[in-house]
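Enquirer: What follows is a single structure, and I will ask about it in a moment.
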Amino acid sequence: MISVATSRPVVELTVRERLVRAAAAVIDEVGEEQLTLAQVVRRAELTTGAVYSNFANREELVIAVYVDEYSGRMWEGVVMLEQLLESDLRGPAFSGALTHYIIRPDDDRFRSSRWLRIRAVAATQRFPHVNRAMSELQTQITERLIDVVERAQVRGDIDPERDPRALALLLQQFGFALVLADLSGDLAPDPDRWVELVHALVIPLFAGRLAD
């Protein structure tokens, strides 16, 4: 698996960011239903007034936590793909690394990410500011993937005749398919056969990296 860079410059958090991170920590400890604003303000070392200056109510704060976590996990996926394509791996080594990149339907680490996506998308229908934030996030991620694809085309890894926009969107659809798999229950695909199918569909796109 290609590692994800985790070092970040130290940046002073805004009050809103401190509240969101504090709420996320409390949810990890006691669960969403048990979360109280008192716990959040204690963890953030702020006041209840700070909460209501940034969020209309408890529900809006909780939604902000899920949108923030969903955003972070989406960017992690983009960085992993970008690092894979910028690595020196070629031929079977590249093909094998790409297989590890494919998310299995039964991987619980990513199942929670898919439910975050459902929560975040559902919130866009109720909160205009969440709609704007999710739209901006999706635009940024798609633009970054387009750039990744275009650079891979310049290197000869991907056929330059392929539409970068279409490829950027296609690469994101496999994750959405697993959201549908989670909702399908017994109709979800066999994990091994899912990986085999996605690999068969995706690996030809990177024909330039397959030759030793």
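Using numbering that gives the first Met the number 0, the first residue of the sequence shown is number 0, and each one after it goes up by one. We put the CB at the ideal spot given by N, CA and C, even for glycine.
#1: Looking only at its chain, what residues have a beta carbon closer than 7 Å to the beta carbon of V268, apart from the 5 residues adjacent to it on each side?
#2: In whole angstroms, give me the CA-to-CA distance for I223 and V147.
#3: Inspect the CB distances between the region 128-137 and the region 97-116 and report whether three or more fall short of 8 Å.
#4: Just the C-alpha distance for V194 and Y69, rounded to the nearest angstrom, thanks.
#5: Take Q38 as the anchor and find which of A121, R17 and L182 has the nearest alpha-carbon.
#6: Quick check: the Cα distance between H198 and A206, rounded to an integer number of angstroms?
#7: DSSP three-state call for D185: helix, strand or coil?
#8: Which residues bound the alpha helix (DSSP H) around N53?
#9: Three or more C-beta pairs under 8 Å: does that hold for the region 166-174 against the region 137-147?
#10: Report all residues from its chain with a CB closer than 8 Å to the CB of L204; omit the five preceding and five following residues, and keep chain order.
#11: Between which two residues does the alpha helix (DSSP H) containing F109 stretch?
Expert: This is what the structure holds:
#1: This structure cannot speak to residue 268, because the chain is shown only from 0 to 211.
#2: For residue 223 there is no data in the structure shown, the boundaries of the chain being 0 and 211.
#3: no
#4: On the sequence shown, position 195 is the one that residue 194 refers to. On the sequence shown, position 70 is the one that residue 69 refers to. Between V194 and Y69, the C-alpha separation is close to 23 Å.
#5: Sequence index remark: in the sequence shown, residue 38 carries index 39 (1-based). Answer by Cα proximity: R17.
#6: Numbered from 1 along the sequence shown, position 199 holds the residue referred to as residue 198. Numbered from 1 along the sequence shown, position 207 holds the residue referred to as residue 206. Their Cα atoms are separated by approximately 13 Å.
#7: Stepping through the sequence shown from its first residue, residue 185 is reached at position 186. DSSP places D185 in helix when its eight states are reduced to three.
#8: Along the sequence shown, read from residue 1 onward, the residue named residue 53 stands at position 54. Start and end: T47 to N53.
#9: yes
#10: Reading the sequence shown from its first residue, position 205 is the one you call residue 204. Correct list, in chain order: I157, D158, R161 and L166.
#11: Residue numbering aside, residue 109 sits at position 110 when the sequence shown is read from its first letter. Taken as a continuous stretch (DSSP letters only), the alpha helix (DSSP H) holding F109 covers D107 to T123.
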